[in-house]
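Engineer: Here it is, the structure in full.
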Amino acid sequence: MDRRELVRELVAVVGQDGVLASDYDLLLYQYDGSIDTARPDVVVLPRSAEQVAAIVRLAGVHGVPVVARGAGTGLSGGCIPVAGGILLGFARMNRIVEIDLPDLRAVVEPGVVNLHLSQAVAHERLQYVPDPSSQKACTIGGNVGENAGGPHTLAYGVTTNHVLGLELVTAEGEIVQVGGRALDGPGYDLTGLLVGSEGTLGVVTKIIVRLAPLPEAVKTLLAVFESVRKASEAVSRIIGAGVVPAALEMMDAVTLRAVEEATHFGYPMDAGAVLIIELEGLREAIEEQAEQVGALCREVGVLDLRVARDDRERALLWKGRKEAFGALGRLCPEYYVMDGVVPRSKLPEVLDEITAIAERYGLRLANVFHAGDGNLHPLLMFDSDDPTAEQRVREAGAEVLRVCAAVGGSPTGEHGIGVEKRDLMPLFFDDADIEAMKRLKAVFDPDERFNPGKIFPTPGACGELKPRSVSVASLAGGGW
Amino acid sequence: MSAATEAGVQPSLAPLADALGAACREPSPDELAALAIHGIRPRLVCVPQSVAEVSAALRVAGAAGLAIIPAGGLTQLGLGAPPRRSDVLLDLRALAAVVEYAPEDLTATVQAGMRLVDLRRLLAERGQFLPLNPPLPDDATVGGILATNAHGSWRARYGALRDLLIGSRVVHGDGLVSHSGGKVVKNVAGYDLNKAWVGSLGTLGVVVEATFKLQPLPAARGWSEAAFADVAAAVGAAGRLARAPLPYLGAELLTPRAAAAVGLAAEHLLVVEWGGPAAAVARCQREWPALAHAAEARRAGDRQAAPPTATWGSADEVVLRASLPLGHVVPLLAELESQWPAAGAVAQALTGTIRAAGPLELGPGAPLVRHLRGFATALGGWLVVERAPLALKEQVDVWGPPAGPLELMRRLKQAFDPAGIMNHGRFVGGL
Chain X
1 MDRRELVREL VAVVGQDGVL ASDYDLLLYQ YDGSIDTARP DVVVLPRSAE
51 QVAAIVRLAG VHGVPVVARG AGTGLSGGCI PVAGGILLGF ARMNRIVEID
101 LPDLRAVVEP GVVNLHLSQA VAHERLQYVP DPSSQKACTI GGNVGENAGG
151 PHTLAYGVTT NHVLGLELVT AEGEIVQVGG RALDGPGYDL TGLLVGSEGT
201 LGVVTKIIVR LAPLPEAVKT LLAVFESVRK ASEAVSRIIG AGVVPAALEM
251 MDAVTLRAVE EATHFGYPMD AGAVLIIELE GLREAIEEQA EQVGALCREV
301 GVLDLRVARD DRERALLWKG RKEAFGALGR LCPEYYVMDG VVPRSKLPEV
351 LDEITAIAER YGLRLANVFH AGDGNLHPLL MFDSDDPTAE QRVREAGAEV
401 LRVCAAVGGS PTGEHGIGVE KRDLMPLFFD DADIEAMKRL KAVFDPDERF
451 NPGKIFPTPG ACGELKPRSV SVASLAGGGW
Chain Z
1 MSAATEAGVQ PSLAPLADAL GAACREPSPD ELAALAIHGI RPRLVCVPQS
51 VAEVSAALRV AGAAGLAIIP AGGLTQLGLG APPRRSDVLL DLRALAAVVE
101 YAPEDLTATV QAGMRLVDLR RLLAERGQFL PLNPPLPDDA TVGGILATNA
151 HGSWRARYGA LRDLLIGSRV VHGDGLVSHS GGKVVKNVAG YDLNKAWVGS
201 LGTLGVVVEA TFKLQPLPAA RGWSEAAFAD VAAAVGAAGR LARAPLPYLG
251 AELLTPRAAA AVGLAAEHLL VVEWGGPAAA VARCQREWPA LAHAAEARRA
301 GDRQAAPPTA TWGSADEVVL RASLPLGHVV PLLAELESQW PAAGAVAQAL
351 TGTIRAAGPL ELGPGAPLVR HLRGFATALG GWLVVERAPL ALKEQVDVWG
401 PPAGPLELMR RLKQAFDPAG IMNHGRFVGG L
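Right, here's the structure in full:
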């Protein structure tokens, strides 16, 4: 690759101010919210799909990879350019193109910040439902890449359930449309295959999403338990009884203390764990649900059951939850957020095992996660000044995922495989399953132009965690 | 396909019959009427007893160039373009076991040959259900419903199969057995290949096992209805409903002809189904007349049950299915009423899916379908021919333009079914 020539040609496409190629600039784009890093050869900030298409064609000519990046809040190394090449930043493609009220759709560019869309339609009593904890920063393009979730996906589904169509730049550098505003377009569901493909099949340049009405009433409960085990028993009972709240989140004692210091909400400091249980719907429905949930919590010995008195208190409760990772940054120089899913009935035993794993590796553990989905986010705290810390964290992380595999779970509920978990894929998928995924990859991207080094296990990996040479970045206070 | 088959010489069935043994038989003359698609009859029927047998069947068929028609409850066998050939009908109804039902996790894994009615019965014992109300649940199988993306009005509340299917085990056209997704409700590990199989009409291979996200049965259900002077007013009421945070399961709009065809008064009728706690359902029924009258309903009130629309349209009628963006349903319904007055239409008024059924003469039929398709496409939607005699299908493309580049779909078909044996020719663009 002739880097200087590539930069010159990219400048011809997007202009001088759309290309970043200094060492300083490239350093800033080597991160996401996780612990892997790698520098791109050049960063390009396109303003249109036509520019993206021209960039992809140039990448083809020069034989370099193309990696799309939203806000860099990802937690699996999804936008880390492990093989170098062109990093596409979407900061300048951040327009809400259209809010289509009659059709209950919005058309957005990939750089639109998730929360901005819901804010733009709130006065119509509408919302864009997926609400990852990073929603103040993360982009809808990144959400599409990772099939992002969030607390409220328990009742309403993840990103893929809310994306109806895409504009895509293909490996050939063509701009094509898949799906649309209407449902059930004839042919294979290419939209569904692209959402969550981690930028490995093409570059999305426009997204058609569903808008949904805001609920009539919301009731947010805080249930306090003496232990994580009791709280997870309550979760299992609630789901098992057929109550599906809008959100059902857990925070353990370590998290609570950090969050309390940050928000001064008045969380009980002697609790082992709390559940945030949000009920949405008609007033009549949520009253009945609240009674049911209360009874189920009492069955496992809830210590206290509080209801957020008003919108302010409710907002504060959620602020604590959504900024919990940041608050935990106060407790340690670095941490590693994991993302595994287990059947909800298995939560109590799995959480016990995770606690035991953290103890075995001498790591402090915090738990803050989407309990209603069985989507765990164990957070392992460490200090990279300790030379053994990173290796212990990675090994403990792999053990946690083995526990998930053993109970029929998944290595990721919303963060993606990325670089982080590619070598653990064989724990969950056999050779034939991987072969099926390779078939799909070859359909869209036969030359492996897009985001190479993601999802697929590196050759020879068989579920063992391979040590890597990359250094661990300091994340204190960061990481959404 | 080999040169010999292109030239019209039928490939030998022997390799497949040898491989599967007792699972294969020659169809009896009585059976053939039900198994033929537009007169194209299978020469062999195979009823695999295991996933391994399905895999073996496809592997052998690929090598021998035998065209495979997968089948479940035969409720939608006529869907799509006529197949290029039919050598073997693969009857999947023997694979009907429950693999794992975890009521405490609200998930279930079943084999694809299980009938929806049996799955419903199993889940109802635990107060749960697969929230899907496609036509003919007594016969339709899980695999058939997946292949055809069948659904009904409940999609408004719960989504369709692409939203409910969380894991699948499939046999590709070349016999590869793979799984994707899993049995947890939230999962982004690897590509979401489940999406490839929903609505793919068996052209990529065979789904043998499916894991679904389940829902608790609503504590109470209830219906409301309202009659309107015209389509625009009825759709206007549905539009208000779509913007309201009410616990509807779905809503159907019947044109006067459709209402009459199912034995109701001939008027523009909107029927809403509610589901949730009894108090919530009661409130919706109580408040419905105000909402409907604000949208200029002639009358509005409760209803005792859903209108029997699931199977409407007699066998010799042509059925068209259109999907429109929600705000563009009115012009298409109006165009249908003026251009095809003999037809009735039922619209899923909260999701934009319209089914129109009526008698259609061959002469004007093809131009009419093309006109309506052009109309739907201009509105940002699609229109497919769901049921029609062969003569009409020969004159007009059943599917119309695909919702994405045909070249990518062609490559997907090639990647999963390299020998091109699966339902060849029945899907979009002749795939």
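Residue numbers (my numbering), protein chains in the order written: chain X, 1 to 480; chain Z, 1 to 431.
C-beta: ideal position from N, C-alpha, C; glycine also.
#1: Can you tell me the Cα-Cα spacing of GLY425 of chain Z and LYS438 of chain X, whole angstroms?
#2: Are the C-beta of VAL428 of chain Z and some C-beta of chain X separated by less than 9 Å?
#3: Can you tell which of X:THR458, X:ALA324, X:GLY33, X:ASP445 has its C-alpha closest to the C-alpha of VAL56 of chain X?
#4: Answer with yes or no whether the minimum CB distance from THR107 of chain Z to chain X is below 9 Å.
#5: Closer than 8 Å by C-beta to ARG392 of chain X: which residues in its own chain qualify, once you throw out the five before and the five after it? Chain order, please.
#6: Rounded to whole angstroms, what is the Cα-Cα separation between ALA21 of chain X and ASP41 of chain X?
#7: First and last residue of the alpha helix (DSSP H) that includes GLN289 of chain X?
#8: Check each residue of the segment 168-192 of chain Z: if its Cβ is closer than 9 Å to any Cβ of chain X, include it; give the result in chain order.
#9: With 16 other CB atoms within 10 Å as the buried threshold, where does CYS404 of chain X fall?
#10: Would you kindly work out how many angstroms separate the C-alpha atoms of VAL113 of chain X and ALA182 of chain X, rounded to a whole number?
#11: What residues from chain X crowd round PHE416 of chain Z, counting only those whose CB sits closer than 7 Å?
#12: Around the C-beta of ARG275 of chain Z, are 16 or more other C-beta atoms found within 10 angstroms, so that it is buried, or is it exposed?
#13: With DSSP collapsed to three states, give me the class of SER86 of chain Z.
#14: Apart from the five residues on each side of it in sequence, which residues of its chain come closer than 7 Å, Cβ to Cβ, to PRO418 of chain Z?
#15: Run through DSSP, which three-state label would LYS206 of chain X get?
#16: Along the segment 287-312 of chain Z, what residues have a CB closer than 8 Å to any CB found in chain X?
#17: Is there contact here, the segment 250-260 of chain Z with the segment 331-348 of chain Z, by at least three beta-carbon pairs under 8 Å?
#18: Keeping to the same chain, check which residues put their C-beta closer than 6 Å to that of ALA475 of chain Z; ignore five residues upstream and five downstream.
#19: Just to make sure I have the definition right: I need the residues of chain X whose C-beta is within less than 7 Å of the C-beta of ASP163 of chain Z. Which are they?
#20: Can you give me, in chain order, the residues of the segment 333-363 of chain Z that have a beta carbon less than 8 Å from any beta carbon in chain X?
#21: Can you check whether the CB of LEU303 of chain X is closer than 9 Å to the CB of ALA271 of chain X?
#22: Straight-line CA distance for LEU264 of chain Z to ARG157 of chain Z?
#23: Give me the chain Z residues within the contact set of ASN147 of chain X, using Cβ-Cβ distance strictly less than 8 Å, ordered along the chain.
#24: Below 8 Å, can you find three or more Cβ-Cβ pairs linking the segment 85-103 of chain Z to the segment 47-55 of chain Z?
#25: Taking 9 Å as the CB-CB cut-off, is PRO215 of chain X touching chain Z?
#26: On a Cα-Cα basis, can you pick out the residue from Z:ASP397, Z:ALA388, Z:PRO359, Z:LEU362 that is closest to ARG373 of chain Z?
#27: Any beta carbon from chain X within less than 9 Å of SER200 of chain Z's own beta carbon?
#28: Just to confirm my understanding: we take GLY62 of chain Z, look at its own chain, exclude 5 residues before and 5 after, and list those with CB closer than 6 Å. What are they?
#29: For GLU209 of chain Z, count the other beta carbons within 10 Å of its own beta carbon; 16 or more makes it buried, fewer makes it exposed. Which is it?
#30: Check each candidate in Z:SER178, Z:LEU122, Z:ASP163, Z:ALA242 and name the one with the smallest Cα separation from ASP189 of chain X.
#31: If you count every other CB in all the chains shown that lies within 10 Å of the CB of PRO11 of chain Z, and 16 or more means buried, which is it?
#32: With the cut-off set at 9 Å, would you say VAL48 of chain X and THR205 of chain X are in Cβ contact?
#33: Considering only residues of the same chain and omitting the five flanking positions on each side of PHE375 of chain Z, which have a CB-CB separation below 7 Å?
#34: Less than 6 Å between C-beta atoms, sequence neighbours within five positions excluded: which residues of the same chain meet that for GLN292 of chain X?
#35: What's the C-alpha gap between ALA14 of chain Z and GLY72 of chain Z?
#36: Can you list the beta strand (DSSP E) stretches of 3 or more residues lying completely in the segment 185-261 of chain X, in chain order?
Structural biologist: If we stick to the structure as given:
#1: 25 Å
#2: yes
#3: X:ASP445
#4: yes
#5: TYR361, GLY362, LEU363, PHE382
#6: 7 Å
#7: 283-299
#8: VAL170, HIS172, LEU176, VAL177, SER178, HIS179, SER180, GLY181, GLY182, LYS183, VAL184, VAL185, LYS186, ASN187, VAL188, ALA189, GLY190, TYR191, ASP192
#9: buried
#10: 24 Å
#11: ARG439
#12: Looking at the sequence shown, residue 275 of chain Z is not Arg but Gly. By the 10 Å Cβ count, GLY275 of chain Z comes out buried.
#13: coil
#14: GLY173, ASP174
#15: strand
#16: none
#17: yes
#18: Since the first residue shown for chain Z is 1 and the last is 431, residue 475 of chain Z is missing from the structure and cannot be characterised.
#19: GLY157, ASN161
#20: THR351, GLY352, THR353
#21: yes
#22: 26 Å
#23: VAL188, ASP192
#24: yes
#25: yes
#26: Z:ASP397
#27: yes
#28: ASP174, ALA419, ILE421
#29: buried
#30: Z:ASP163
#31: buried
#32: The amino acid at residue 48 of chain X is misidentified as Val; the sequence shows Ser. Result yes, Cβ atoms of SER48 of chain X and THR205 of chain X sit closer than 9 Å.
#33: LEU332, GLU335
#34: VAL243
#35: 24 Å
#36: 203-210, 217-225, 247-252
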